[in-house]
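S.K.: Can you keep this structure in mind? I'll have questions shortly.
There are 2 protein chains.
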Amino acid sequence: MASKKINPPKGTRDLYPEDVLRQRYITNAWRDASLRCGFDEIAGPTFESTELYSVKSGEGILGELFQAFSGKGGQETLDKLVKKGQADFALRPEFTPTLARMYAAHAKQLPKPCKWFTAGPYFRAERPQRGRLREFLQWNVDAIGLPSEADSTHSNAQMDAEVIECSVRLFESLGLCKKSLKIMINDRNAMAEFFKTLGVLENQLEIAFTLLDRQAKLPADSLKSLAEDAQLPSSFIEYLTQSGSSSAPNLLTNDLDALIDMCTNCNLDQWMSKDPSIARGLAYYTGTVFEALADGERAVAGGGRYDNLIELFGGPSTPACGFGMGDVVLGNLLDDKGLMPTGAELMDAVASPQASIRPVAFVVPNGDEDNEALVHTLTAHLRRGIESETWLSNDDRKPWHTNRYAVAPMHTRISYKSTRKINKLKADASDQHAKFFIEIHGEDKVELSNMDTRESISSDSHGSFHVDPKAPNYVGHAIAERM
Amino acid sequence: MASKKINPPKGTRDLYPEDVLRQRYITNAWRDASLRCGFDEIAGPTFESTELYSVKSGEGILGELFQAFSGKGGQETLDKLVKKGQADFALRPEFTPTLARMYAAHAKQLPKPCKWFTAGPYFRAERPQRGRLREFLQWNVDAIGLPSEADSTHSNAQMDAEVIECSVRLFESLGLCKKSLKIMINDRNAMAEFFKTLGVLENQLEIAFTLLDRQAKLPADSLKSLAEDAQLPSSFIEYLTQSGSSSAPNLLTNDLDALIDMCTNCNLDQWMSKDPSIARGLAYYTGTVFEALADGERAVAGGGRYDNLIELFGGPSTPACGFGMGDVVLGNLLDDKGLMPTGAELMDAVASPQASIRPVAFVVPNGDEDNEALVHTLTAHLRRGIESETWLSNDDRKPWHTNRYAVAPMHTRISYKSTRKINKLKADASDQHAKFFIEIHGEDKVELSNMDTRESISSDSHGSFHVDPKAPNYVGHAIAERM
Chain A
1 MASKKINPPK
11 GTRDLYPEDV
21 LRQRYITNAW
31 RDASLRCGFD
41 EIAGPTFEST
51 ELYSVKSGEG
61 ILGELFQAFS
71 GKGGQETLDK
81 LVKKGQADFA
91 LRPEFTPTLA
101 RMYAAHAKQL
111 PKPCKWFTAG
121 PYFRAERPQR
131 GRLREFLQWN
141 VDAIGLPSEA
151 DSTHSNAQMD
161 AEVIECSVRL
171 FESLGLCKKS
181 LKIMINDRNA
191 MAEFFKTLGV
201 LENQLEIAFT
211 LLDRQAKLPA
221 DSLKSLAEDA
231 QLPSSFIEYL
241 TQSGSSSAPN
251 LLTNDLDALI
261 DMCTNCNLDQ
271 WMSKDPSIAR
281 GLAYYTGTVF
291 EALADGERAV
301 AGGGRYDNLI
311 ELFGGPSTPA
321 CGFGMGDVVL
331 GNLLDDKGLM
341 PTGAELMDAV
351 ASPQASIRPV
361 AFVVPNGDED
371 NEALVHTLTA
381 HLRRGIESET
391 WLSNDDRKPW
401 HTNRYAVAPM
411 HTRISYKSTR
421 KINKLKADAS
431 DQHAKFFIEI
441 HGEDKVELSN
451 MDTRESISSD
461 SHGSFHVDPK
471 APNYVGHAIA
481 ERM
Chain B
484 MASKKINPPK
494 GTRDLYPEDV
504 LRQRYITNAW
514 RDASLRCGFD
524 EIAGPTFEST
534 ELYSVKSGEG
544 ILGELFQAFS
554 GKGGQETLDK
564 LVKKGQADFA
574 LRPEFTPTLA
584 RMYAAHAKQL
594 PKPCKWFTAG
604 PYFRAERPQR
614 GRLREFLQWN
624 VDAIGLPSEA
634 DSTHSNAQMD
644 AEVIECSVRL
654 FESLGLCKKS
664 LKIMINDRNA
674 MAEFFKTLGV
684 LENQLEIAFT
694 LLDRQAKLPA
704 DSLKSLAEDA
714 QLPSSFIEYL
724 TQSGSSSAPN
734 LLTNDLDALI
744 DMCTNCNLDQ
754 WMSKDPSIAR
764 GLAYYTGTVF
774 EALADGERAV
784 AGGGRYDNLI
794 ELFGGPSTPA
804 CGFGMGDVVL
814 GNLLDDKGLM
824 PTGAELMDAV
834 ASPQASIRPV
844 AFVVPNGDED
854 NEALVHTLTA
864 HLRRGIESET
874 WLSNDDRKPW
884 HTNRYAVAPM
894 HTRISYKSTR
904 KINKLKADAS
914 DQHAKFFIEI
924 HGEDKVELSN
934 MDTRESISSD
944 SHGSFHVDPK
954 APNYVGHAIA
964 ERM
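Same order as they appear, the protein sequences are chains A and B. Residue 255 in our numbering sits at position 255 of the first sequence, with consecutive numbering throughout. For our numbering, count along the second sequence from 1 and bump the result up by 483.
Rendered as structure tokens:
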């Protein structure tokens, strides 16, 4: 046993105390945004059966995986491994296959939708470079299953909007503004229709999307020769290799329209921008795709709708959408913008209170269809919190300053049941252990009650409350005072 | 891409929302106890070079590891793997080698001592059984390096006591009482001396300790034949195979005496019990070893002193001690005792405030040697918190009830500098961003000042404070009121 200096594996990190606090600053913000937006935390194994990844992505993925095996079997295991050309297990490169497996295993019993998040280590056998390590943390946020028996365009849009909202709540909480960060959205179905008008065949769509995804990374020459190899039509190749949006397709599909409407209700629309160049690399996306782009160049998060994946893992046909975000690119971005605290400020920021796991507010409409949109507007206000006058700004701002909020963000949920009966909605709120129940009768007619004491707060001297944070009787103030 | 049902790997867990909350309840408690006792969080890679584990434990460990390799190399990697008989990487089975590597890499710049904790996933290629999974979480708490130039028996005892204290603070916070949980301590040096009196040779000591560790797990027959195979003397075999403590050695060494003294200062002695049957399996322990034993049978945590390990990884000769605790055995114990909350109580317990990362209190003596012990006594009170009259009990109690504390536990630090000059101690407190500075002149003469405002709280109308939590002017109350 001689003294020996051994380095950490290439592309992995030794984190000393200040490094851990910096990482916790990010993972706390992830968790906080998820909880506020009503997502529940789940977790899966760090390694999985290798076949879990080949189901979805084909054999090509194996070269990008760290493969693993139990040393217990000795030489026999090694022989089997060489014969099969792969090991039994793989360190997870992403979460979505685990998520699909977990949902498929208990699809019948699980609530509809399942709103889940998770954050943990992931592994890629790639060459390490800036923003890309071999072990990194990733945050996954997903909504699986339809919220109700209502029409699916509306429900899908609602789930897409809730998933996107969660990413926006995160960016806001870290002090990033709409000027430095944009959510670029696209619709794979609309793009497929457009590609077909250019002569792309059904069985060429997958390679067409792969090339679209690489559009910004490869020179036009390489793109052209790859497209020609795949026998893609010349009008598609022309579209692909010409920069500028002059030839951009019309993206105004029903699905994207419904999503933009929903995002407008939640005041998210100013963060968003349609972009026909967004494809996302992975083959499993089926509709809406989006990417959070910092300063027009760095992709901080990406995701979309994957309506076929649960079925592929043995579950029922289930619409789903979600996104992933890594800690490395996000950490670099915060550093570059001076938005990462240090010293005592970092200590305080990491120890600051997080969103409660118990839902604080549960918002429902009074049955009048005109009030449905107000439910989403108020929910967004409560999840976002109301910033104090002195803090408000349109620029990136250090978010750890004290007195940031006049009303702190709160964990807020809505009902996904199709019923409009107040008693059934109250039972839903009670099943989820919500503390305050909020019934919207109109913009300035919001009734508030305490679920623990069963007291109506509106029926005492206060009368009813307002949806608008600028109104003196804003319902968020009333809840904050009673926490 | 056909639909396929794939299970999680044997011995790993899919954690749905309530499962994650139960796990968070445990990891929060780990983190909280660590922070309160002044340990800083660190983290290492999830996989390491395989050689990191053979340095310390020899080749025998390989069969217990999950080994890993990058799939990028294809057939070439597989051929190399078969030729070497092992893969380049291994999923970490324990943290100590990573810790030793991380300390050795920056030994010169790091503070003395380094008080570090970490919690994360670990992997063992063993057959899964109750309390033992192939992927589990482990909490590691370690103190590395000597606190000052003072005599090493005293300093080592202080570090051992701080490490043990951290485990006791955890058990208390989870509602476990002294009746159901005991810290069994032993001294490997004392045992080695005793074994030598029985005729055991120097080069037989390692196998002698291995057999002592298996004493409770193997029948006397098997123990005997293993001991005979190793040519151990008959008087040792007799000792090993006879149960009962009649033949127990005298454990009153200087080292163990100093540790018991230190633990008495911190009110820990009632949790502890000397036990000559504790050996700990791993070969690297060099002095004090201990095990937290629930109801006399279940080992919940284990650790000890490993003074040679940092050197083995290329660092300077450095004394060190620490322990590890897994989430599976602890979770089972809490379930069996009804000490794991559910539903809304679990949600509230998981979201309850954690110890601050910034130190709240920094306790120093006034230079009089008689007051040194009081520093440890008060520090233990502050780290433990003062329970309210209605909560106090000698039995296991559900710890998530509200109003548990009259004074909540607080993150408390002491200085490890050899100086007794108040200005230098104040600089140490300031370097660590402590909020309150506490100078002990005597049991009822405690001076308190606010480091942020530089105001002396004792010099206003309050006079000085008391070390005793039962006294009306207990210093803990004074701090809690000013938080």
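No residue lacks a Cβ here, since even glycine has one placed at the ideal position from N, Cα and C. Predicted model only: the values in this text are computed from it and were never measured.
When the distance is taken between beta carbons, is V141(A) closer than 8 angstroms to A526(B)?
M.R.: Residue 526(B) sits at position 43 when you count from the first residue of the second sequence. Residue 141(A) sits at position 141 when you count from the first residue of the first sequence. No; because the gap between Cβ atoms is not below 8 angstroms, this pair is not in contact.
S.K.: Listed from N- to C-terminal order along the chain, which residues in the segment 411-438 of chain A have their beta-carbon within a distance smaller than 7 angstroms of any beta-carbon of chain B?
M.R.: Residues H433.
S.K.: Can you look up S177(A) in the DSSP assignment and give me helix, strand or coil?
M.R.: In the first sequence, the residue the question calls residue 177(A) occupies position 177. Just to set this straight, residue 177(A) is Cys in the shown sequence, not Ser. Coil at C177(A), not helix or strand.
S.K.: Three Cβ pairs or more, each shorter than 8 angstroms: is that satisfied between the segment 798-813 of chain B and the segment 584-592 of chain B?
M.R.: The segment 798-813 of chain B vs the segment 584-592 of chain B: in contact.
S.K.: State the DSSP-derived secondary structure class of F549(B), mapped to helix, strand or coil.
M.R.: On the second sequence, residue 549(B) is found 66 positions in, with the first residue counted as 1. Note: F549(B) maps to strand in three-state DSSP.
S.K.: If we cut at 8 angstroms on Cβ distances, does Y103(A) have a partner in chain B?
M.R.: Numbered from its first residue, the first sequence carries residue 103(A) at position 103. No - not a single Cβ of chain B is within 8 angstroms of the one on Y103(A).
S.K.: Would you tell me roughly how many angstroms separate the C-alpha atoms of N511(B) and V350(A), rounded to the nearest one?
M.R.: On the second sequence, position 28 is the one that residue 511(B) refers to. On the first sequence, position 350 is the one that residue 350(A) refers to. Answer to the nearest angstrom: the Cα atoms are 14 angstroms apart.
S.K.: For S728(B), would you say it is in contact with chain A, using Cβ-to-Cβ distances shorter than 8 angstroms as the test?
M.R.: As a position in the second sequence, residue 728(B) is number 245, starting the count at 1. Because the pLDDT at S728(B) is just 47, under 50, the model does not fix this residue reliably, and the point stays unresolved.
S.K.: Quick one: residues in its chain with C-beta nearer than 8 angstroms to the C-beta of R130(A), no 5 flanking neighbours on either side, listed in chain order?
M.R.: Translated into the one-based positions of the first sequence, residue 130(A) becomes position 130. Within the same chain, R130(A) has close Cβ partners N332.
S.K.: Once DSSP output is grouped into helix, strand and coil, what is the label at P353(A)?
M.R.: Start at 1 with the first residue of the first sequence, and residue 353(A) comes out as number 353. If DSSP states are grouped into helix, strand and coil, P353(A) belongs with coil.
S.K.: Going by the DSSP bridge assignment, what does Y888(B) pair with across the sheet?
M.R.: On the second sequence, position 405 is the one that residue 888(B) refers to. Answer is E870(B), bridged to Y888(B).
S.K.: Do M272(A) and W139(A) have their CB atoms nearer than 8 angstroms?
M.R.: Locating residue 272(A) in the first sequence gives position 272, where the first residue counts as 1. Locating residue 139(A) in the first sequence gives position 139, where the first residue counts as 1. For M272(A) and W139(A), no; Cβs fall outside 8 angstroms.
S.K.: Compare the C-alpha of P892(B) against each of M966(B), L723(B), K661(B) and G786(B) and name the closest.
M.R.: Residue mapping note: residue 892(B) aligns to position 409 of the second sequence, counting from 1. When only C-alpha atoms are compared, the closest one is M966(B).
S.K.: For K72(A), would you say it is in contact with chain B, using Cβ-to-Cβ distances shorter than 8 angstroms as the test?
M.R.: For this step, residue 72(A) is matched to residue 72 along the first sequence. At least one chain B Cβ lies under 8 angstroms of K72(A).
S.K.: Name the one or two DSSP bridge partners that N933(B) has.
M.R.: The residue you call residue 933(B) lines up with position 450 of the second sequence. According to DSSP, N933(B) bridges with F919(B) and E938(B).
S.K.: Apply the 10 Å Cβ neighbour rule to P341(A) and answer buried if 16 or more other Cβ atoms are within range, or exposed otherwise.
M.R.: Numbered from 1 along the first sequence, position 341 holds the residue referred to as residue 341(A). So P341(A) ends up on the buried side.
S.K.: Can you give the beta carbon distance from I164(A) to L240(A), rounded, assuming they're within the 8 angstroms contact cut?
M.R.: Taking the first residue of the first sequence as 1, we reach residue 164(A) at position 164. Taking the first residue of the first sequence as 1, we reach residue 240(A) at position 240. Contact flag wrong, Cβ pair sits at about 27 angstroms.
S.K.: Buried or exposed: R519(B), going by 16 or more other Cβ atoms within 10 Å of its Cβ?
M.R.: As a first step, residue 519(B) is located in the second sequence; it is residue number 36 there, counting from the start. Burial call: buried.
S.K.: Any Cβ of chain A within less than 8 angstroms of the Cβ of P732(B)?
M.R.: Start at 1 with the first residue of the second sequence, and residue 732(B) comes out as number 249. Answer no: the Cβ-Cβ gap between P732(B) and chain A never drops below 8 angstroms.
S.K.: What do you reckon, are the CB atoms on L742(B) and D853(B) nearer than 8 angstroms?
M.R.: In the second sequence, residue 742(B) corresponds to position 259, counting from 1. In the second sequence, residue 853(B) corresponds to position 370, counting from 1. Not closer than 8 angstroms, so no.
S.K.: Under 8 angstroms between C-beta atoms, does E531(B) make it to chain A?
M.R.: Counted from its first residue, the second sequence places residue 531(B) at position 48. Yes, E531(B) counts as interfacial toward chain A.
S.K.: Taking Cβ-Cβ distances shorter than 8 angstroms, what residues in chain B pair up with Q138(A)?
M.R.: Position 138 of the first sequence, counted from the first residue, corresponds to residue 138(A). Those within 8 angstroms of Q138(A) in chain B number zero; the least Cβ separation is about 13 angstroms.
S.K.: With a threshold of 8 angstroms between beta carbons, is A590(B) in contact with chain A?
M.R.: Position 107 of the second sequence, counted from the start, is the residue given in the question as residue 590(B). A590(B) does not count as touching chain A.
S.K.: So, A551(B) versus A516(B), is the Cβ gap smaller than 8 angstroms?
M.R.: The sequence position of residue 551(B) within the second sequence is 68, counting from 1. The sequence position of residue 516(B) within the second sequence is 33, counting from 1. Not a contact, by the Cβ cut-off of 8 angstroms.
S.K.: Taking V350(A) as the query, report the chain B residues whose CB atoms sit under 7 angstroms from its CB, ordered along the chain.
M.R.: Numbered from 1 along the first sequence, position 350 holds the residue referred to as residue 350(A). Correct list: I840.
S.K.: Should S461(A) go down as buried or exposed, given a rule of 16 or more other Cβ atoms within 10 Å for buried?
M.R.: Along the first sequence, one-based indexing puts residue 461(A) at 461. By the neighbour-count rule (16 or more Cβ atoms within 10 Å), S461(A) is not buried but exposed.
S.K.: Under DSSP, the beta strand (DSSP E) around K115(A) begins and ends at which residues?
M.R.: Numbered from its first residue, the first sequence carries residue 115(A) at position 115. K115(A) -> beta strand (DSSP E) spans C114 to F123.
S.K.: Tell me, please, whether the segment 917-937 of chain B touches the segment 839-854 of chain B by the rule of three or more beta-carbon pairs shorter than 8 angstroms.
M.R.: They touch, by the three-pair rule.
S.K.: Tell me the rounded alpha-carbon separation between L776(B) and Q506(B).
M.R.: Counting from one through the second sequence, the residue named residue 776(B) turns up at place 293. Counting from one through the second sequence, the residue named residue 506(B) turns up at place 23. C-alpha separation (whole angstroms): 21 angstroms.
S.K.: Verify whether the separation of the beta carbon atoms of D275(A) and I185(A) is less than 8 angstroms.
M.R.: The residue given as residue 275(A) occupies position 275 in the first sequence. The residue given as residue 185(A) occupies position 185 in the first sequence. Their beta carbons are under 8 angstroms apart, which means D275(A) touches I185(A) by this criterion.
S.K.: Name, please, each residue of chain A whose Cβ falls closer than 9 angstroms to the Cβ of S827(B).
M.R.: Here the question's residue 827(B) lines up with position 344 in the second sequence. In the sequence under discussion, the amino acid at residue 827(B) is Ala, which differs from the Ser named in the question. Within 9 angstroms Cβ-Cβ: R358 and H433.
S.K.: Which chain A residues are close to I668(B), counting only those with a beta carbon under 8 angstroms from its beta carbon?
M.R.: Here residue 668(B) corresponds to residue number 185 of the second sequence, with the count starting at 1. Those do not exist, as I668(B) stays about 27 angstroms from chain A at its closest Cβ, beyond 8 angstroms.
S.K.: Have a look at D670(B) and M745(B) and give me their C-alpha separation to the nearest angstrom.
M.R.: Along the second sequence, one-based indexing puts residue 670(B) at 187. Along the second sequence, one-based indexing puts residue 745(B) at 262. Cα to Cα, the separation comes out at about 16 angstroms.
S.K.: Suppose you measure from the CA of G785(B) to the CA of P576(B); what does that come to, to the nearest Å?
M.R.: In the second sequence, the residue the question calls residue 785(B) occupies position 302. In the second sequence, the residue the question calls residue 576(B) occupies position 93. When rounded, the distance between both Cα atoms is 15 angstroms.
S.K.: Could you tell me which of P113(A), W116(A), K115(A) and R134(A) sits nearest to F123(A), measuring between CA atoms?
M.R.: The residue given as residue 123(A) occupies position 123 in the first sequence. Looking at the Cα atoms, R134(A) is the closest of the given residues.
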